[in-house]
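Structure, as structure tokens:
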Amino acid sequence: MDSLTQCPIPKKLRWTQRVLTGIIFFISVLSGTSQAEQNVFTAEIFKYPYDLDSQTVVGQPRLHQVKQGESLLDIARTYGLGYNEMALLYPRMDPWLPPKQKSLIIPTLWVLPPTRLEELVINIPELRLYLFDKKSKTVQTYPIGIGDEGWETPIKVGYIAEKRPNPSWYIPESLQAKYGMKVMPPGPENPLGEYMLKLSIGPYGIHGTHMPWGVGRLVSHGCIRCYPEHIRLLYPQVAVGTRVEIIYEPLKLGIKNGRVYVEAHPDVYRKIDDYTRYAMEKLDQSSWASRVDRRRFALAVRLQNGVPTDVSTVERVPSTTLAEDAGTLKEILDFGANTF
Numbered sequence: 011m012d013s014l015t016q017c018p019i020p021k022k023l024r025w026t027q028r029v030l031t032g033i034i035f036f037i038s039v040l041s042g043t044s045q046a047e048q049n050v051f052t053a054e055i056f057k058y059p060y061d062l063d064s065q066t067v068v069g070q071p072r073l074h075q076v077k078q079g080e081s082l083l084d085i086a087r088t089y090g091l092g093y094n095e096m097a098l099l100y101p102r103m104d105p106w107l108p109p110k111q112k113s114l115i116i117p118t119l120w121v122l123p124p125t126r127l128e129e130l131v132i133n134i135p136e137l138r139l140y141l142f143d144k145k146s147k148t149v150q151t152y153p154i155g156i157g158d159e160g161w162e163t164p165i166k167v168g169y170i171a172e173k174r175p176n177p178s179w180y181i182p183e184s185l186q187a188k189y190g191m192k193v194m195p196p197g198p199e200n201p202l203g204e205y206m207l208k209l210s211i212g213p214y215g216i217h218g219t220h221m222p223w224g225v226g227r228l229v230s231h232g233c234i235r236c237y238p239e240h241i242r243l244l245y246p247q248v249a250v251g252t253r254v255e256i257i258y259e260p261l262k263l264g265i266k267n268g269r270v271y272v273e274a275h276p277d278v279y280r281k282i283d284d285y286t287r288y289a290m291e292k293l294d295q296s297s298w299a300s301r302v303d304r305r306r307f308a309l310a311v312r313l314q315n316g317v318p319t320d321v322s323t324v325e326r327v328p329s330t331t332l333a334e335d336a337g338t339l340k341e342i343l344d345f346g347a348n349t350f
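Taking the working numbering, the leading residue of the sequence shown gets 11, the next gets one more, and so forth.
Here it is in structure tokens:
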């Protein structure tokens, strides 16, 4: 088997997702003393301009200095990221005790997922949602939690069938004994949170959560979970009838300022037999294949750290700005795989 398929980061993340989900739930229930539980998180709408032909990498990285009492989960949520996005980038860092005063690069940049409809796209391996506005050619993006193994979120195209404020949860029959009821009314213990965008696809929906630290993880029974502050932003913007593409694209290729980027994520549902072959086939099918340095591409594929990486053949002109330079492979390697 090709050595590039033996990526230690995704395997480690898959294991830590299970362990940390249990730990986080236990701590949040029994103590609720973390900074995250004490803070009220807010969010604002960021609309990124895009062009599917020439500008498909949006956002830019940011810097954050770790404060006393912060966890990686706090930091991720502050910047509108899921836990997975920080865990992939800093796989050796203690998520509860990141080094105080350490400067972290925050990966707030993304390659846009492929889309036919340019409305609402959910990319499962990325654990992220994209809301496109074709008229203004802008896009918003938000982290999500998805279905756990055995409760996988379906890969389908549908639409928003209904909008429900303060939704009741109609509990699956297999879980009714666990919860002791068939319907859970609205309230602080309801896992649907404050709002739900009901999908036309089976019993599934996009909703808030009573457990925000499930965002960026495989934790639900198939629904798509958002941070409470994000579903409050999405709910009034998404109309009934909005078309929804739920896709499975662990590897995305994009372009920004004439340069080619790759963003590789773990195969969270283990659907791909040979990740390296899958990645090379995606590259060969791309119109940008001749412009890609294949050694850089292979290294980025091996890392699968979820950060857009510049894999262009032509060397970039050095820049003094973080926003321009953070996408280079060397820096991705330095602040990613080789940092904690």
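Every residue, glycine too, gets a C-beta built ideally from N, C-alpha and C. Computed from a prediction, not measured in an experiment: that's the story for all the values here.
*Assigned secondary structure, Ala347 (DSSP; H/G/I helix, E/B strand, else coil)*: Locating residue 347 in the sequence shown gives position 337, where the first residue counts as 1. With a pLDDT of only 40 at Ala347, under 50, the local geometry of the prediction cannot be trusted, and the value read off the model is given with reservation. If DSSP states are grouped into helix, strand and coil, Ala347 belongs with coil.
_Cβ-Cβ distance between Ala310 and Val272 below 8 Å_ = Position 300 of the sequence shown, counted from the start, is the residue given in the question as residue 310. Position 262 of the sequence shown, counted from the start, is the residue given in the question as residue 272. For Ala310 and Val272, yes; Cβs fall inside 8 Å.
_Taking the straight line between their C-alpha atoms, what separation do you get for Pro195 and Glu204?_
Position 185 of the sequence shown, counting from 1, holds the residue named residue 195. Position 194 of the sequence shown, counting from 1, holds the residue named residue 204. Distance between the alpha carbons of Pro195 and Glu204: 11 Å.
*Three-state class that DSSP yields for Gly197 in the structure shown*: Start at 1 with the first residue of the sequence shown, and residue 197 comes out as number 187. It is coil, neither helix nor strand.
*Please report the Cβ distance between Thr151 and Tyr169, rounded to the nearest whole angstrom; I am assuming they are in contact, meaning their Cβ atoms lie under 8 Å.*
The sequence position of residue 151 within the sequence shown is 141, counting from 1. The sequence position of residue 169 within the sequence shown is 159, counting from 1. About 20 Å separates the two Cβ atoms, so there is no contact after all.
*Residues in its own chain within less than 7 Å of Leu128 by CB, not counting five upstream and five downstream?*
Counting from one through the sequence shown, the residue named residue 128 turns up at place 118. The sequence shown places Glu at residue 128, rather than the Leu named in the question. The answer, listed in chain order, is Phe142, Lys144.
*Tell me the DSSP bridge mates of Lys173?*
Within the sequence shown, numbered from 1, the residue matching residue 173 stands at position 163. In DSSP, Lys173 forms a bridge with Leu207.
*Label Gly224 either buried or exposed according to how many other C-beta atoms from any shown protein chain fall within 10 Å of its C-beta, with 16 as the threshold for buried.*
One-based indexing of the sequence shown puts residue 224 at position 214. Counting Cβ neighbours within 10 Å, Gly224 comes out buried, since at least 16 surround it.
*Identity of the residue in Ile156, Lys147, Trp179 nearest Asp63 by Cα*: Locating residue 63 in the sequence shown gives position 53, counting from the first residue. Checking every option, the nearest Cα to that of Asp63 belongs to Lys147.
*asked:* Just to confirm my understanding: we take Glu239, look at its own chain, exclude 5 residues before and 5 after, and list those with CB closer than 6 Å. What are they?
replied: In the sequence shown, counting from the first residue as 1, residue 239 sits at position 229. Excluding sequence neighbours, Glu239 sits near Phe51, Thr52, Ala53.
*Where does the unbroken alpha helix (DSSP H) through Thr286 begin, and where does it stop?*
Mapped onto the sequence shown, residue 286 falls at position 276. Residues 285-295.
_Residue range of the unbroken beta strand (DSSP E) whose run includes Arg153_ = The sequence position of residue 153 within the sequence shown is 143, counting from 1. Note on identity: in this sequence residue 153 is Pro, with Arg being the wrong assignment. Unbroken beta strand (DSSP E) run through Pro153: 148-153.
*Starting from the C-beta of Met96, find all residues in its chain whose C-beta is less than 6 Å away, skip the five residues before and the five after it, and write them out in chain order.*
Within the sequence shown, numbered from 1, the residue matching residue 96 stands at position 86. Taken in chain order, the residues that qualify are Leu82, Ala86.
*What first and last residue would you give for the alpha helix (DSSP H) that runs through Val311?*
What you label residue 311 is simply residue 301 of the sequence shown in a count that begins at 1. Note, Val311: alpha helix (DSSP H), 304-313.
_C-beta contact flag for Gln247 and Ala274 at 8 Å_ = As a position in the sequence shown, residue 247 is number 237, starting the count at 1. As a position in the sequence shown, residue 274 is number 264, starting the count at 1. Not in contact: Gln247 and Ala274 (Cβ atoms no closer than 8 Å).
_Residue from Ala187, Lys208, Gly160, Ile154 with nearest C-alpha to Arg174_ = Counted from its first residue, the sequence shown places residue 174 at position 164. The shortest Cα separation from Arg174 among Ala187, Lys208, Gly160, Ile154 belongs to Lys208.
*C-alpha gap between Val324 and Ala308, whole angstroms*: Translated into positions along the sequence shown, residue 324 becomes position 314. Translated into positions along the sequence shown, residue 308 becomes position 298. Approximately 16 Å between the Cα atoms of the pair.
*Taking Leu119 and Pro318 to be in contact with their CB atoms under 8 Å, please state how far apart those CB atoms are, rounded to whole angstroms.*
The residue given as residue 119 occupies position 109 in the sequence shown. The residue given as residue 318 occupies position 308 in the sequence shown. The Cβ separation is near 6 Å, so the contact holds.
*Mind checking which residues open and close the alpha helix (DSSP H) that includes Leu83?*
Translated into positions along the sequence shown, residue 83 becomes position 73. Per DSSP, Leu83 belongs to the alpha helix (DSSP H) from 82-88.
*asked:* In the DSSP output, which residue or residues are listed as bridge partners for Lys262?
replied: Here residue 262 corresponds to residue number 252 of the sequence shown, with the count starting at 1. BP columns for Lys262 point to Glu273.
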